[in-house]
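Adding 296 to a residue's 1-based position in the sequence shown gives its number in the working numbering. I have placed the structure first, in the form of structure tokens, so that the comments after it can refer back to it.
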Amino acid sequence: MKAFKINSKLISVLLLLIGCKVFAQKKTDTAFFNKKDLTGWSAANMQYWAVEDGAIVGRATQKVEKNQFLWSDVKVADFYLNVDVLLECNDCNAGIQFRSKKADASGQSIGYQADMGRDVWGRLYHEHGREKLDWSDRGEKAVKPGQWNKYEILASGDRIWTAINGKLAVSVKDPGGDPSGYIALQIHSGDAQTVRYKINSLVHNPKVELAGLTEAQLVKELKLPMNKPLGKSSSLTFKENEVIVFAGGTNIVNMRKDCYLETLLMAANPHTRLHIWNLGWDGDTAYEQFRDVGFGKWSRNLDSLGADVAFIQFGQMESLWGEAALPEFINAYKKLLSEIKTGKRRIILLSPIPFEPENLNSRQGKLAQNPLINAPVEKYAAAIRELATQEGYLYIDLYTPLQKSPLAGSLTFNGVHLSPEGQKVTAEVIVQELGIQHRITEKLEPLRKKILTKNQLWIGYWRPGNWAFLGGDRTTVPFSHDWKNTEKRIFPEEVKGFQPLILEAENHIFEQQNLLVTQN
Numbered sequence: 297m298k299a300f301k302i303n304s305k306l307i308s309v310l311l312l313l314i315g316c317k318v319f320a321q322k323k324t325d326t327a328f329f330n331k332k333d334l335t336g337w338s339a340a341n342m343q344y345w346a347v348e349d350g351a352i353v354g355r356a357t358q359k360v361e362k363n364q365f366l367w368s369d370v371k372v373a374d375f376y377l378n379v380d381v382l383l384e385c386n387d388c389n390a391g392i393q394f395r396s397k398k399a400d401a402s403g404q405s406i407g408y409q410a411d412m413g414r415d416v417w418g419r420l421y422h423e424h425g426r427e428k429l430d431w432s433d434r435g436e437k438a439v440k441p442g443q444w445n446k447y448e449i450l451a452s453g454d455r456i457w458t459a460i461n462g463k464l465a466v467s468v469k470d471p472g473g474d475p476s477g478y479i480a481l482q483i484h485s486g487d488a489q490t491v492r493y494k495i496n497s498l499v500h501n502p503k504v505e506l507a508g509l510t511e512a513q514l515v516k517e518l519k520l521p522m523n524k525p526l527g528k529s530s531s532l533t534f535k536e537n538e539v540i541v542f543a544g545g546t547n548i549v550n551m552r553k554d555c556y557l558e559t560l561l562m563a564a565n566p567h568t569r570l571h572i573w574n575l576g577w578d579g580d581t582a583y584e585q586f587r588d589v590g591f592g593k594w595s596r597n598l599d600s601l602g603a604d605v606a607f608i609q610f611g612q613m614e615s616l617w618g619e620a621a622l623p624e625f626i627n628a629y630k631k632l633l634s635e636i637k638t639g640k641r642r643i644i645l646l647s648p649i650p651f652e653p654e655n656l657n658s659r660q661g662k663l664a665q666n667p668l669i670n671a672p673v674e675k676y677a678a679a680i681r682e683l684a685t686q687e688g689y690l691y692i693d694l695y696t697p698l699q700k701s702p703l704a705g706s707l708t709f710n711g712v713h714l715s716p717e718g719q720k721v722t723a724e725v726i727v728q729e730l731g732i733q734h735r736i737t738e739k740l741e742p743l744r745k746k747i748l749t750k751n752q753l754w755i756g757y758w759r760p761g762n763w764a765f766l767g768g769d770r771t772t773v774p775f776s777h778d779w780k781n782t783e784k785r786i787f788p789e790e791v792k793g794f795q796p797l798i799l800e801a802e803n804h805i806f807e808q809q810n811l812l813v814t815q816n
């Protein structure tokens, strides 16, 4: 009987545990900020930070070259943060990082950001990662410019909500997103500025309620983020001897002259022999791709090379037609992509880059009416993102990170086309979106030079300046034939001479890839 009583007690305990879910206890973190000094906080440049009247103040008295972050030592997972924010210059930009981590020794951040500033108040951004996650303007409508604004952040599992002045701003369900990390306060790069953060409370494992809404009501508001996490299923890996092509307009054309993206892709795959060809063509749009007689249409160029992976970029110049033309553009783009869509080919859509109107000049100087100012590039980028989602293409947002870059305003040489520095920044954004943690350094310069040599040979072979005599409408003229045997065409044989030179150049590239391995 004694044994039976013991077992009965054990069973009773087990039944009790099974029947009752064990919840983490709600806890207010009193050590998060003491309202007196920056104990428990750190930054690479502490001179930007102070405590005044119980608030953390970020102050830059002159231009800030790159974002500055003040990091808390407290790690958060499920939490509720209540902060009053005063952005003294509403044209400036700041933010609160959460579930974030440091990207480098300078304290740059990777992770979620509750954004603030003109045109970004109440948005959810993913710093140095997926960029825009929720870009609704409903939070901004509640902002009082130049005054204190209450910012609330609630994170529970893969669900994130924010509110401004009691109005719901963000409501995102982010499966596979960052489950935990640290909180950091931001001063954005740019002009002199001051931002004040008055921290009211940090609660771990909070009750799910916000902006007067219950958990059930908040759940109904949830939606998936604009940019999903790059997990194993959506990250880009390359196989031996795969063919990668770049296609688009002039910005794609110019990529072959600087080779930054190609260099980073090669460096990230040092054991893999890849064949990368630039098929960019000046003036190409989603509507039309003019080619010389006999050259073949756009889709045939990709097919003839056996392209396994295609990076495609359109939308910048098309945006000059205005928002009214957006549906027509998407239809044209969708049709164009359908011509190259196959079961195995992977297609990556690069968003258009922002215009820089201040850099557009005519021969007479600044234009009285600048067509770049009101071009809705951002709306075209958003529509391309939606197209990618619908059709199953990978999408990379270049518009947002370039717009927010410390070098914004100097990334193009004419307001439209990327400068060499702009090409470098853009290449780094692309590979970062693909989960590749490489940047352009002096160490990669020998590899880049080998790639540049290959690209010079490639363009001479693929797109010779006198194509009309090679495959166009002047193949029958005497100039393109042997002067003794007029039935024999000499130009095609001469062009074939590029083939062994290109193969040799590719071998030199692979040798440089291998050297990167031995140097590490």
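Even glycine gets a Cβ: it sits at the ideal position worked out from N, Cα and C. Computed from a predicted model, the values in this text were never measured in an experiment.
Contact between the region 336 to 349 and the region 467 to 476 is absent, with fewer than three C-beta pairs closer than 8 Å. Look at the region 611 to 685 and you find these whole runs of beta strand (DSSP E), each 3 residues long or longer: 642 to 646.
Contact check for PRO653 against LEU668 passes: the beta carbons are separated by less than 8 Å. Going by beta carbons, ALA373 and SER497 fall outside the 8 Å limit.
A Cβ-Cβ contact shorter than 8 Å links ALA507 with GLY462.
Between ASN386 and GLY413, the C-beta gap is smaller than 8 Å, which places the two residues in contact. When Cβ pairs closer than 8 Å are counted between the two stretches, the region 474 to 488 is seen to touch the region 394 to 403, the count reaching three or more. Taking the Cα of GLY602 as reference, the smallest distance to any Cα among LYS637, SER402, ARG744 is reached at LYS637. Residue range 556 to 564 is occupied by the alpha helix (DSSP H) that includes TYR556.
Looking from the CA of LEU646, the closest CA among VAL605, ALA620, GLY639 belongs to VAL605. GLY403 is positioned such that its CB atom lies no closer than 8 Å to that of VAL370.
Checking the DSSP bridge columns, you'll see VAL360 partnered with GLY486.
A straight line joining the alpha-carbon of GLU687 with that of LYS640 spans about 14 Å. Annotation: the continuous alpha helix (DSSP H) that includes GLU789 extends over 787 to 792.
In the structure shown, GLN404 falls within a coil segment according to DSSP collapsed to helix, strand and coil.
Separation of the CB atoms of HIS500 and PHE375 is rounded to 5 Å, and the pair is thereby assigned contact status at 8 Å. Just measuring C-alpha positions, the residue of TYR493, GLY453, ILE495, LEU656 sitting nearest VAL515 is GLY453. Beta-bridge analysis with DSSP links TRP573 to VAL541.
Taking C-beta separations shorter than 8 Å and ignoring five residues to either side along the sequence, the partners of HIS713 in its chain run THR546, ASN547, ASN550, following chain order.
Residue environment: LEU633 is assigned as buried (16 or more neighbouring CB atoms within 10 Å of its CB, all protein chains considered). For TRP594, the secondary structure class from DSSP, reduced to helix, strand or coil, is helix. Counting along the chain, the unbroken beta strand (DSSP E) around GLU427 starts and ends at 427 to 430. In the structure shown, the three-state DSSP call for LEU377 is strand. Taking C-beta separations shorter than 6 Å and ignoring five residues to either side along the sequence, the partners of LYS362 in its chain run SER485, PRO702, following chain order. Cβ contact annotation for GLY756 (same chain, cutoff 7 Å, sequence separation greater than five): PHE794, in chain order.
Pairing LEU740 with ALA512 gives a Cβ-Cβ distance that is not under 8 Å. Our two residues, THR324 and ASN330, have alpha carbons roughly 13 Å apart in a direct line. Distance between TRP763 and PRO623, taken at the CA atoms: about 36 Å. In this structure, LEU532 lies near LEU730, with their beta-carbon atoms less than 8 Å apart. Counting the other CB atoms within 10 Å of its CB gives VAL589 a total below 16, which places it among the exposed residues. Look at ASP333 here: in three-state DSSP terms it is coil, with no helix or strand label. Annotated as proximal: VAL541 and TRP573, with beta-carbon spacing under 8 Å. In this structure, LEU748 lies away from VAL721, with their beta-carbon atoms at least 8 Å apart.
Straight-line spacing of the CA atoms in GLN585 and LEU560 works out to 28 Å. ILE456 is bridged by DSSP to ALA451, VAL468. About 5 Å separates the beta carbon of LEU366 from that of ALA339, a gap short enough to meet the 8 Å contact definition.
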